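FYI, the numbering for the first sequence is 7 to 285, going by the working numbering.
Heads up, the beta-carbon is just placed ideally off N, CA and C, and yes, glycines get one too.
From a predicted model like this one, the values you see are computed outputs, not experimental measurements.
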Amino acid sequence: MPELPEVETVCRGLRPVVTGQVIARVAVRRRDLRHPFPAGLKRHLESRRMMSITRRAKYILIHLDNGYVLVIHLGMSGRLVLYPASYKPKTHDHFILYLADGRQIVLNDARRFGLVDLVAVDDLDSHGLFSHLGPEPLSRNFSGAVLGRALAGRTAAIKQAIMDQRLVVGVGNIYASEALFQAGIDPQIPAGMLRPAQCAALAGSIKKVLQQAIKAGGSTLRDHRQATGEQGYFQHHFMVYDRAGAPCPRCSSGGCEQARIVRIIQGGRASFYCPACQK
DNA sequence: CCTTGAACCTGCGGGC
DNA sequence: TGCCCGCAGGTTCAAG
Numbered sequence: 007m008p009e010l011p012e013v014e015t016v017c018r019g020l021r022p023v024v025t026g027q028v029i030a031r032v033a034v035r036r037r038d039l040r041h042p043f044p045a046g047l048k049r050h051l052e053s054r055r056m057m058s059i060t061r062r063a064k065y066i067l068i069h070l071d072n073g074y075v076l077v078i079h080l081g082m083s084g085r086l087v088l089y090p091a092s093y094k095p096k097t098h099d100h101f102i103l104y105l106a107d108g109r110q111i112v113l114n115d116a117r118r119f120g121l122v123d124l125v126a127v128d129d130l131d132s133h134g135l136f137s138h139l140g141p142e143p144l145s146r147n148f149s150g151a152v153l154g155r156a157l158a159g160r161t162a163a164i165k166q167a168i169m170d171q172r173l174v175v176g177v178g179n180i181y182a183s184e185a186l187f188q189a190g191i192d193p194q195i196p197a198g199m200l201r202p203a204q205c206a207a208l209a210g211s212i213k214k215v216l217q218q219a220i221k222a223g224g225s226t227l228r229d230h231r232q233a234t235g236e237q238g239y240f241q242h243h244f245m246v247y248d249r250a251g252a253p254c255p256r257c258s259s260g261g262c263e264q265a266r267i268v269r270i271i272q273g274g275r276a277s278f279y280c281p282a283c284q285k
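So, in structure tokens, the structure goes:
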């Protein structure tokens with residue numbers, strides 16, 4: 007479900023609430039999600055102060071005052087929402103942090119592809135969850151040149167390549183299609199075939215679409231909620247994602263023949279693009 | 001190392 | 001109404 011903009015939106019919503027607050031109590035309502043919850047999870051969290059909240063790739067990182075970091079991944083269907091003290095747990099509410107004032111940070115994840123872990127802050131970079139991750143797309147470490155180097159020699163389709171978290175993090179199925187549309191690149195061409203100018207355009211469109219989506223609070227297809235419980239709004243700005251059969255926004259605006267958005271399957275995932283203007 | 005496909009799990013909408 | 005199928009924002013693992 008959540009790609010970088012959705013995770014970033016959750017972090018931004020939680021940050022003013024979480025920072026400086028003490029975790030009074032923790033409820034662990036089942037033994038595992040994708041992996042078993044770490045041993046001693048409650049013990050390491052209860053009575054600890056949350057010092058800051060950050061994001062790496064699609065992971066939410068809550069830094070504690072005991073040198074540990076609470077790591078949360080939302081998988082496909084996860085939500086992390088702040089509720090008032092009166093909230094009663096519902097189905098698929100697996101993990102709850104109760105603040106001193108009674109408010110609750112609730113992790114709900116119907117499909118349970120999400121993950122909760124506890125990592126010593128000094129071990130973050132070397133930890134198996136993070137050691138293989140590529141650059142943050144919104145940082146200066148990511149550029150057309152960096153992308154071009156990462157794509158060199160690869161035969162996989164460019165759509166699948168930019169979703170590979172080793173090359174660049176945060177891009178998932180929605181924003182891969184949207185970024186390729188903005189850059190005018192056919193999602194099926196082999197990654198290593200992109201020319202430098204195309205790499206520059208694609209790096210730029212990845213940054214742009216992720217930033218625009220963050221501004222809109224992410225995209226709510228079904229599960230995504232901001233930390234406030236509010237939906238995201240970027241789904242109303244999709245150019246191609248989930249728009250098979252619709253006229254291409256770029257070709258149509260030219261007043262020429264109306265090309266239509268096409269849906270194809272790549273690596274088992276749906277891709278959307280305009281065959282007329284994405285080459 | 002790279003690429004591909006399957007697996008993990010629940011819920012929802014469409015077709016019959 | 002009910003059942004079956006396909007589909008959904010991610011990651012990981014095995015096999016070629």
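In this structure, the CA atom of residue 192 is about 5 angstroms from the CA atom of residue 285.
Beyond the five residues adjoining it in sequence on each side, residue 222 comes within less than 7 angstroms, by CB distance, of 238, 239, 240, 243 in the same chain, given in chain order. The three-state secondary structure of residue 211, taken from DSSP, is helix.
DSSP places residue 164 inside the alpha helix (DSSP H), whose first and last residues are 164 to 168. A distance of 8 angstroms or more separates the beta carbons of residue 185 and residue 162.
From the listed residues 188, 53, 233, the smallest Cα separation to residue 15 is found for 233. Between the alpha carbons of residue 92 and residue 139 lies a gap of roughly 39 angstroms. Only residues of its own chain outside the window of five on either side were considered, and among them 39 have a CB closer than 6 angstroms to the CB of residue 118, listed in chain order. The three-state reading of DSSP puts residue 84 in strand, counting E and B together. Look at residue 99 here: in three-state DSSP terms it is strand. DSSP places residue 204 in the helix class (H, G or I) of the three-state scheme.
Within the region 114 to 156, the complete beta strand (DSSP E) segments at least 3 residues long are 121 to 126, listed from N- to C-terminus. Taken atom to atom, the span from the alpha-carbon of residue 176 to that of residue 19 is near 18 angstroms.
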